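No gaps in the numbering here: position 69 of the sequence shown is 425 in this note's numbering, and each next residue is one more.
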Amino acid sequence: MLGSLFPLLYGALFVALLWQAFRVMSKGFRAASGPISTSPSNAPIDRTGQVTVHPELLDSEGRITEEALLTVRFGGDDDEASTAAGPGTE
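Put into structure tokens, the structure is as follows:
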């Protein structure tokens, strides 16, 4: 009984997965070939020249903090400019 049902079940699952694969690929081809239509709500914002500051670097008033920061250096970094004493180093 199970031996005769297995090929039928296998074939049905194969056809279903093949159909799903072609549907996904056709969506990808349509997305890649068509023009990109952007609506004003999801239009990309040009951030050229803008600087993003990590929120943990800001104090309670929204300004960049002046307190000493903990930094980590990993081995193999031989940059001479970064080892020079700068403002705020001890």
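Using N, Cα and C, we set each Cβ at its ideal position, and we do this for glycine too.
Note that the structure is predicted; figures quoted are calculated from it, not measured.
The beta-carbon distance between residue 421 and residue 415, rounded to whole angstroms, is 5 Å. This is short enough to meet the 8 Å contact definition. For residue 362, the uninterrupted alpha helix (DSSP H) run begins and ends at 358 to 389, by DSSP.
The residue among 423, 403, 402 and 405 with its C-alpha nearest the C-alpha of residue 412 is 423. Beta-bridge analysis with DSSP links residue 414 to 420.
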